[in-house]
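Participant: Mapping to the working numbering: the sequence shown position 296 is 303, numbers consecutive.
Glycine included, every Cβ here is placed at the ideal spot set by N, Cα and C.
All figures in this text were calculated on a predicted structure; none of them were measured in a lab.
Pasting a structure here, questions to come.
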Amino acid sequence: MMLLNLVEKEFKQLLRNAFLPRMFLLMPLTMVLVFPYAANQEVKRLGLAVIDGDGSASSRRLTEKLKASSHFDFVGQTSDLTAADEEMKHGTVDVVLEMPAGFERDFANMGKTAVSVSINAANAMKAAMAQAYVTQIVNGYAGELIAEGHAFPSDTSHATRASSIVPRFLFNPSLDYKNYMIPAIVAMLLVLVVGFLPTFNIVGEKERGTIEQINVSPIRPAVFIFSKLIPYWAIGLFLLGYAMLAAWVVHGLRPTGSVGVIFLFASLFVLVISALALIVSNHSSTTQAAAFLMYFFLVVFLLMSGLLTPISSMPQWAQWLTLLNPFRFFMEAMRGLYLKGCTLADLAPQLLALCAFALVFGSWALLSYRKQTK
């Protein structure tokens, strides 16, 4: 009964703040509607300039193919590479493709020709994608010319030897980056809400001077800690369902795995993050200190989770550190359940890891509060 009364008190305190209910309604919508587009790593609308030193039908045809691509914005043709480099410095051009004189003749005589590509590599990922797009278009165009018989006569066997690769894309056939990011964004929503709000709870009691009254009351520490965890656990599960519904209505994305398993993982993860927030609150004397420390933890969790970069591409020591990150395991479970249709047995390692984090952080939250009572 005492636990229920304390939980009721926590809910009343939360709802007394008029801003929080509005945030609970607007924040999931904003993140699901806006973030998938902002976090899209597909590179489009690259500024393209062409130097056509040949002026032949073949070079003009390649230029038209590049202009027709959705990945490029055709800036125009330029006279030489120096002028193109100046445009690149000003940021209007990202890619410069130069076709030398004799482009068509060399291909007709030898079945191949040289094309020079200059790419703005200030953003390495953007440059790599630009190179891939240009290479794909140029190689495809060369294949068309060979198939049409424009290659050197003794080399026409290339057309018959050429093999085509027909890819089969699993789990995300449309290659829509939103399908990959939305499960992670839903997970990030839980981190932000149930990470920050509990952080201000116990430290707020300290600043208001009410923690002394609680310490001398007959309330057991375990009951007090659970009364702090349960409201945020319920709020986290509500926000999860709300965000999943918004993702389905707006983007048409729904999990291919069990929704019940998603809520099972979310229940554990919310418990882990809320317990960590209470640990930070127990060890902080001011709201500012608690907020700064929790912000540090959440930034580390997000960067070391595989949210933006694959864990496999990190250095080996960083990959080992990610094993200490509960967000990594929850996000792996979310993406597996949303995209791959994983079962609970498939995600047993992630489940065991979150159970271990819940046990450790829950015990730590309880013990750190007990120290406050001494």
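#1: Write down the C-beta distance between Pro190 and Arg342 rounded to the nearest angstrom, noting that I regard them as a contact closer than 8 angstroms.
#2: Where do the ends of the alpha helix (DSSP H) carrying Ser66 lie?
#3: Output needed for Lys384: all residues of its chain with C-beta closer than 8 angstroms, excluding positions within five of it in sequence on either side, in chain order.
#4: Between which two residues does the beta strand (DSSP E) holding Glu49 run?
#5: With C-beta atoms as the reference, is Thr206 less than 7 angstroms away from Ser319?
#6: Taking Leu275 as the reference, which of Arg112, Ser86, Trp240 and Val102 has the closest Cα?
#7: Taking 8 angstroms as the limit between beta carbons, can you name the residues of its chain near Ser164, skipping five residues before and five after?
#8: Take Ser63 and list the residues in its own chain whose beta-carbon comes closer than 7 angstroms to its own, dropping the five residues that flank it on each side.
#9: At which residue ranges does the region 249 to 326 contain complete alpha helix (DSSP H) runs of 4 or more residues, listed in the order of the chain?
#10: Since Ala56 contacts Val122 with CB under 8 angstroms, what's their CB separation in whole angstroms?
#11: Taking only three categories from DSSP, how would you classify Ala365?
#12: Report yes if the C-beta distance between Cys349 and Gly264 is below 7 angstroms; otherwise report no.
#13: Helix or strand or just coil, what does DSSP make of Ala91?
#14: Could you tell me the alpha carbon to alpha carbon distance between Glu151 and Phe42, rounded to whole angstroms?
#15: Cβ of Asn126 within 7 angstroms of Cβ of Ala137?
#16: I'd like to check one pair, Ala253 with Leu36: are the Cβ atoms closer than 7 angstroms?
#17: State the DSSP-derived secondary structure class of Ser170, mapped to helix, strand or coil.
#18: In chain order, what residues of the same chain lie with their CB nearer than 8 angstroms to the CB of Ala298, ignoring the 5 residues before and after it?
#19: Do Pro262 and Leu344 come within 7 angstroms of each other at the CB atom, strictly closer than that value?
#20: List the whole-angstrom C-beta distance separating Val367 from Ile280, where the pair is believed to meet the contact cut-off of C-beta under 8 angstroms.
#21: Where does Gly54 fall in DSSP's three states?
#22: For Leu40, which residues from the same chain have a beta carbon less than 7 angstroms from its beta carbon, with the 5 sequence-adjacent residues on both sides left out?
#23: DSSP three-state label for Val193, please.
#24: Leu283 and Leu246 look like a contact to me (Cβ under 8 angstroms); what is the Cβ gap, rounded to whole Å?
#25: How would you label Arg128, buried or exposed, when you count the other beta carbons within 10 angstroms and need 16 or more for buried?
#26: Within 10 angstroms of its Cβ, does Thr293 collect 16 or more other Cβ (buried), or is it exposed?
#27: May I ask which residues mark the beginning and end of the beta strand (DSSP E) holding Asp183?
#28: I'd like the span of the beta strand (DSSP E) that includes Val100, first residue to last.
#29: For Ser171, collect the residues of the same chain with a Cβ closer than 8 angstroms to its Cβ; drop the 5 residues on either side in sequence, then sort them by chain order.
#30: Is Val141 a contact residue of the ligand SAM, with contact defined as CB to any heavy atom under 6 angstroms?
#31: What's the call for Glu212, buried or exposed, on a 16-neighbour Cβ count within 10 Å?
#32: Helix, strand or coil, according to DSSP, for Gly109 in the structure here?
#33: Rounded to whole angstroms, what's the CA-CA distance from Met9 to Glu17? Just pull it up for me.
#34: Where does Val230 fall in DSSP's three states?
#35: Roughly how many angstroms lie between the CA atoms of Leu88 and Lys96, to the nearest whole one?
#36: Secondary structure at Lys19, three-state DSSP: helix, strand or coil?
Facilitator: The structure says:
#1: Yes, Pro190 and Arg342 are in contact; Cβ-Cβ is about 5 angstroms, under 8 angstroms.
#2: Ala64 to Ala75
#3: Since the displayed the chain opens at 8 and closes at 381, residue 384 lies outside it and no answer follows.
#4: Judged by DSSP secondary structure, Glu49 falls outside any beta strand (DSSP E); it is assigned neither H nor E.
#5: no
#6: Looking at the Cα atoms, Trp240 is the closest of the given residues.
#7: Reliability of the predicted coordinates at Ser164 is poor, the pLDDT of 45 falling under 50, and the value obtained from them is presented with this limitation in mind. Closer than 8 angstroms at Cβ, skipping near neighbours: no residue.
#8: Its chain contains Phe110 and Glu111 as the residues whose beta carbon lies nearer than 7 angstroms to that of Ser63, once the 5 sequence neighbours on both sides are disregarded; these appear in chain order.
#9: 266 to 289 and 294 to 310
#10: That pair is no contact at about 14 angstroms.
#11: helix
#12: yes
#13: helix
#14: 39 angstroms
#15: Strictly speaking, residue 126 in this sequence is Ile, with Asn absent from that position. In this structure, Ala137 lies closer than 7 angstroms to Ile126 by Cβ.
#16: yes
#17: Note that Ser170 has pLDDT 45, beneath the 50 cutoff, so the model's placement of it is unreliable and the number below is only indicative. Ser170 falls in the coil class under three-state DSSP.
#18: Phe203, Thr206 and Phe207
#19: yes
#20: That pair is no contact at about 13 angstroms.
#21: strand
#22: Result list for Leu40: Val257, in chain order.
#23: Judged by DSSP in its simplified three-state form, Val193 adopts helix.
#24: In fact, because the Cβ distance is near 18 angstroms, the residues do not count as touching under 8 angstroms.
#25: The sequence given here has Ala at residue 128, not Arg. Counting Cβ neighbours within 10 Å, Ala128 comes out exposed, since fewer than 16 surround it.
#26: Counting Cβ neighbours within 10 Å, Thr293 comes out exposed, since fewer than 16 surround it.
#27: First-last for Asp183: undefined, no H or E at that position.
#28: No beta strand (DSSP E) contains Val100, which DSSP labels as neither H nor E.
#29: Any reading at Ser171 must be qualified, since the residue scores a pLDDT of 49, below 50, and its modelled position is unreliable; no value is offered.
#30: No copy of the ligand SAM appears in this structure; indeed no ligand is present at all.
#31: buried
#32: coil
#33: 12 angstroms
#34: helix
#35: 12 angstroms
#36: Of the three classes helix, strand and coil, the one that applies to Lys19 here is helix, per DSSP.
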